[in-house]
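To start, the structure itself, in structure tokens.
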Amino acid sequence: RGRERLPMGISTEDINRIAAYAAKEEFLHELERAEKERGFLEYRELEGEIVSGIVRRIYDSGDLLVDLGKVDAMLPRREQIYGETYRVGDKVKALLLEVKKIRGEPRLILSRTHPLFLKRLLEVDIPEVAEKEIEIKAVARIPGERAKVAVYGRDLKMDPVGIIVGLRGMRIQPISEELGGEKIDVLRWTEDEEEFIRRALSPAQPTAVRLIPEEERAEVAVPRDQLSLAIGKRGTNVKLAHKLTGWHIDVMSEEDFEKLSELRGSDK
């Protein structure tokens, strides 16, 4: 009397074993949560830096689950370079784009298409960039296809473009290969807006640039035989020049540029 009876077939030992198992499961669950939290805090400090991992899973959407060691991260399809293919077990290098929590769970997002990924690769692979002798002023990318990088040398006697590209492209080539063969144009940065726009449209050689600051637009004249060169295949050259400089760029022949100038003059 006063003592609860156990259900038939269940002993005190069974109860103790079940309680011990439940306590162990709870402990392991809490341990896993603590490890995830430690990983989250550690990787939050690495946001905006390059990380490496192993592909653990490939989803039907093309998104990749990447094992970074202490935590998993997602490399969404939209953040992958077009044409790249992966298999489970492949190594992958990417920018740690975002570290956040969703419903209390850590979520890490990777990117191989972001301009900052190229900037970080240059910082890792080019000692003069790592040591801040050369500054990366601007980066524009059409991922996997082409990129433009504007650089500035602290020492005016320095050739920052030549240093980054290297002899016969030996320094820039491994970076290009990491980005799926992305062609990387390196040019010297200047605070002179007109000259910067000229350089950004390389390999074309503009003969005149007119800035319209209130519209953040630039009208650029090139020789007629350089029009397609200035615009680029599918407009890539002018798109990258716009991303790099921040100016909307209208490329036209020298004749059209002169006609527009005359028209504007007659309107005054």
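Count the sequence shown with the numbering used here and you get residues -2 to 265, in order.
Note that CB positions come from ideal geometry on N, CA and C, so glycine has one too.
Q: Express the C-alpha separation of Ala19 and Glu125 in angstroms, rounding to a whole number.
A: 57 angstroms
(Q) Whole angstroms are fine: how far does the CA of Leu237 sit from the CA of Arg100? (A) 38 angstroms
Q.
Using the three-state DSSP reduction, which class does Ile169 fall into: helix, strand or coil?
A. helix
Q: Would you kindly work out how many angstroms separate the C-alpha atoms of Gly177 and Glu22, rounded to a whole number?
A: 45 angstroms
**Q.** Residues of its chain near Glu130, where Cβ-Cβ distance is below 8 angstroms and the 5 sequence neighbours each way are ignored
**A.** Gly150, Arg151, Asp152 and Met155
Q) Helix, strand or coil: how does DSSP classify Pro103 here? A) strand
Q. From Gln223 to Arg196, what does the alpha carbon distance come to, in whole angstroms?
A. 14 angstroms
Q: Answer yes or no: do Ile107 and Ala127 have a C-beta to C-beta separation smaller than 8 angstroms?
A: Checking the sequence shown, residue 107 turns out to be Leu, not Ile. No.
Q) Among Leu118, Leu38 and Glu76, which residue has its Cα nearest to the Cα of Lys98? A) Leu38
Q. Between the C-alpha atoms of Asp253 and Arg185, what's the straight-line distance to the nearest angstrom?
A. 29 angstroms
Q.
For Arg138 and Leu115, which I take to be in contact (beta-carbon distance under 8 angstroms), what is that distance rounded to the nearest angstrom?
A. 6 angstroms
Q.
Do Arg221 and His245 count as a contact pair if the criterion is CB distance below 8 angstroms?
A. no
Q.
Report the CB separation of Ile172 from Leu119 in whole angstroms; it is logged as a contact under 8 angstroms.
A. 7 angstroms
Q. Going by beta carbon distance, what residues of the same chain come within less than 8 angstroms of Arg(-2), once the five residues before and after it are set aside?
A. Residue confidence for Arg(-2) is low, a pLDDT of 47 falling below 50, so the modelled location carries little weight and cannot support an answer.
Q: Tell me whether Asn13 is buried or exposed, calling it buried when 16 or more other Cβ atoms sit within 10 Å of its Cβ.
A: exposed
Q.
Considering only their Cβ atoms, is the gap separating Pro112 from Val136 smaller than 8 angstroms?
A. yes
(Q) Only counting the same chain, and skipping five residues up and downstream in sequence, which positions put a Cβ closer than 6 angstroms to that of Arg207? (A) Glu216
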